[in-house]
Structures are given as C-alpha cells and as structure tokens.
Amino acid sequence: MKITHVEAFALRFQPERSSTQQGPHYSVAPEGWRSIYSRHHETTVVRITTSDGIVGYGEAQSPVSPRTSKTIVEDLCRPVLMGKDPFDVEYLWQRMFTSMRERGHYTGFFIDALAGCDIALWDIIGQASGKPVHKVLGGRYRDRIPLYAGVGGTTPERAVEQATKHVSQGYGGLKIHATHGRAEILEIVAAVREAVGPKIKLMVDLHTQYSVPEAIMLGRGLEELDVLWLESPTAPEDIPGQAALAAALDMSVAIGEWTRTRYELREVFERRACDITMPDIGRTGLTEGKRIASLADTYNIPVTPHIGGGGILSIAATVQFSAAIPNFLIMEHSPEAYQMKGQITTRKPTVENGAFVLDDVPGIGVDIDTDALAALAIED
3 MKITHVEAFA LRFQPERSST QQGPHYSVAP EGWRSIYSRH HETTVVRITT SDGIVGYGEA
63 QSPVSPRTSK TIVEDLCRPV LMGKDPFDVE YLWQRMFTSM RERGHYTGFF IDALAGCDIA
123 LWDIIGQASG KPVHKVLGGR YRDRIPLYAG VGGTTPERAV EQATKHVSQG YGGLKIHATH
183 GRAEILEIVA AVREAVGPKI KLMVDLHTQY SVPEAIMLGR GLEELDVLWL ESPTAPEDIP
243 GQAALAAALD MSVAIGEWTR TRYELREVFE RRACDITMPD IGRTGLTEGK RIASLADTYN
303 IPVTPHIGGG GILSIAATVQ FSAAIPNFLI MEHSPEAYQM KGQITTRKPT VENGAFVLDD
363 VPGIGVDIDT DALAALAIED
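First residue of the sequence shown? That's 3 in the working numbering, and the numbers climb one at a time after it.
Given below as structure tokens:
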C-alpha cells in the first residue's frame, strides 16, 4: 500500500447567528494581549488516499488562517508523503518534522499541518486493520471518555445558567473561562459552586492573561472553592514563572495547549512547571500526542486533552487518544459546538450522559460527507 494523493481543505463554518453579519472575519480585542479570533469556526481537513483505495482524514487545527495550514500540507508535507507506506507513520512524522527543523519551524502552523497528516495516516492504518485507532495505538484503557463542558459569561447569573444546563446533561466537570479581575472571577466561581454542589469538578481558564503574583492570589481564593485546576494562567513562554506558581499553590496548574512536541514539554516537566498537561491532538497529531502522554506519565503527570477550536476530526482523534493512554483524566467538550462542527460528517462519536462511548468502528470513527466538505471549503 502506498500513498497516492494528499489534499487539504481550508474550511469556514458560518454560524446561524452571524449569517447576516457583515465585516471582517477576525476580531482583535481592543485591550490586553488576547489571541486573535475568527467570528466563525475555521479549520483545515487533510485527506490522504492510498493505492488500495483507502481514504484517511485528519485535521490540522486552524482556528485562524486555515489556508496557511492547507498550503503547508500541500507544498511541504505532500512531497514527503507521496509514494510512502502509511504504516510507516512514526518514520513519516519524523521525516516531516525534520524537513523544516533546521529552519526553525518546530512549532506553530507547520506542526499543525504535520498533525493533520499524522491523524489521517492513523485513520488509514485503523481502516486497513479493521480496528478503531485506539486499538492500533496500543489498546483500550477505558470504555468511556468522561467530559467537562465550558462555561462562559460575564456575570454569575449567566455562568450559573450555563453550568446547571451542562450538569443536567450529565457532565461531571465544568471549565469557567475567565478574563475578568480577581474579585469578579471569585464571585462567578462561588456562584457556580453553590449552584452545582460539591461533586462537580470545577476548573478555571485564565487564557494566559495573569502575572505570577496575580495568579497566586487568585489561585488561593479558588482553592477555597475546591477548584481542581487553574489553566493557562501566565504567558506560555514563562516556564520559571509557571514553576513558581505550581509550587506556591495546592491546587493543580494545567498548561500545554500551545505546545506541539515533547521537546517543548521536557523542561516544563523537569521543572515541575505544571501538575496537569493538556496536549491538543489537532496540534500534536496522534503520534506525538502519544509520546507526550508517555513522557508525562514518567513524571506522574495526568493528561487532560485540550480541544479549544478543534473541529470534528480533531475531537474524534482525541477520543481515540484518550482511550489509549494510562494517565488520562478528563477531556474538554463543547456540546453546542459539537453539533455545528459535525456538519461535515455522516457518522461521528456518540456522547452519552457526559461521556464519549467507545465503539469498534475502524479508523478514527468518523465518516465524512464529501459534499458538505466541498461546500464549506474556502476558495483560494
């Protein structure tokens, strides 16, 4: 079996609420150092075809500028992959990675594109073997993948409304997205804790907007509310600061969504700069994601896979990954976005009572609607 075609599709989903809106596709916060965001769901789908007629799909997570990832897949990854055996997946990851490493491209868009190809290769391997990907990754540790749901809102009332809805749907964990001041965050979290009770896991995501002293002060207040982890509290590159924060707090510090490889995380783990790591399979791929989980396991660090702006193929690949590692804790999920992202599928993983249920569908467990894929593709 050889690889005969490598293609990529830059996608933009148009939410119903913005279908009549005019203006730029991207928004930039007027204050602070927040990320640039799309007003739509955007991502890049990779399709790899083999000489045996097997078609594998993957995703290069691209919450902005998906055409950048598409170009990298087709211009830089395709020459490495063409004519190769998809079962040589670890070799192919390494060959793609080293093709641009000397030029400094060992993170960011290039590795995202590589990840999309890697997921597609594992999809092919699963289909060719007649097994779900978690079986060919090493086997199943669990039958269900427990999930936590996100909670937004700028007021306690709005946050409580979302939180109680998710709990009624069976979700055992809630992550509160917080970009407010310390007093406002504590007020929101206290209201949610009172509403959902002591058994629901609560987490807080600061989106890298706090300094180390600010995060320590906030963390001490959150500890009194039995918050499980403080996520992405400080600037991603401040590993010494994250280590100081993790040492100062009793609650867990969770970081890692911005990392793509074990090389980036080696110093983080060595310095105990986090208590929980959060690989994003749409950025790492399955091959490197599994390596990250293994490295974390040597430090007794649990893994809580991040999804964020990932699309349906990233989610499906993460379900397979979560089943195949020993140190899995809980997986991120957005119930509302999941339905929208699933527009390009005719089959996708099933959520029951706050968890993905594992099945025996070969590959990553997704069937793609090629007409829907073409309809959402952004023209070059």
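Backbone N, C-alpha and C fix where the C-beta goes; we use that ideal spot for every residue, glycine too. Just so you know, these numbers come straight off a predicted model, no measurement behind them.
At what residues does the alpha helix (DSSP H) containing residue i begin and finish?
i    : result
I74  : P68 to I74
V198 : R184 to V198
Y340 : P337 to K343
V169 : P158 to S170
How many Å lie between residue i and residue j at the Cα?
i    : j    : result
S20  : H27  : Legend: pLDDT at S20 = 44, less than 50; position of this residue unreliable, no value from coordinates given.
S64  : T46  : 6 Å
E159 : T289 : 42 Å
G183 : R195 : 18 Å
W231 : K201 : 15 Å
A250 : L188 : 19 Å
T22  : A248 : Residue placement at T22 is flagged as unreliable, the pLDDT there being 42, under the threshold of 50; the coordinate-derived value follows with that caveat. Their Cα atoms are separated by approximately 46 Å.
R36  : A161 : 21 Å
P88  : F112 : 20 Å
D362 : T347 : 18 Å
R142 : A319 : 14 Å
Around the Cβ of residue i, are there at least 16 other Cβ atoms within 10 angstroms (buried) or fewer (exposed)?
i    : result
G132 : exposed
D125 : buried
Q16  : exposed
I38  : exposed
E272 : exposed
Q24  : For Q24, the predicted structure reports a pLDDT of 46, less than 50, and the residue's modelled location is therefore unreliable. The matter cannot be settled from this model.
D252 : exposed
P351 : buried
A357 : buried
M84  : exposed
G55  : exposed
Tell me which residue opens and which closes the beta strand (DSSP E) that residue i is part of.
i    : result
Y265 : Taken as a continuous stretch (DSSP letters only), Y265 belongs to no beta strand (DSSP E), being part of the alpha helix (DSSP H) at R264 to E272.
T46  : H43 to T52
H179 : G175 to H179
K440 : With the chain represented from 3 up to 382, any question about residue 440 goes unanswered, as that position is not in the structure.
W231 : W231 to E233
P215 : P215 -> not in any beta strand (DSSP E); alpha helix (DSSP H) instead, spanning V214 to E225.
Can you tell me whether DSSP reads residue i as helix, strand or coil?
i    : result
R14  : strand
E9   : strand
D382 : coil
T372 : helix
S64  : coil
G152 : strand
I257 : strand
For residue i, is the beta carbon positioned less than 6 Å from some heavy atom of the ligand COA?
i    : result
G154 : This structure simply doesn't include the ligand COA, nor any ligand for that matter.
Original post:
Hey, which unbroken runs of the alpha helix (DSSP H) at 4 residues or more fall wholly within the region 261-326?
Top reply: If we require 4 residues or more, the alpha helix (DSSP H) runs fully inside the region 261-326 come out as 264-272, 283-300 and 314-325.
Original post:
Unbroken alpha helix (DSSP H) runs of length 4 or more, entirely within the region 86-118: which are they?
Top reply: The DSSP assignment places complete alpha helix (DSSP H) segments of no fewer than 4 residues inside the region 86-118 at 91-103, in order along the chain.
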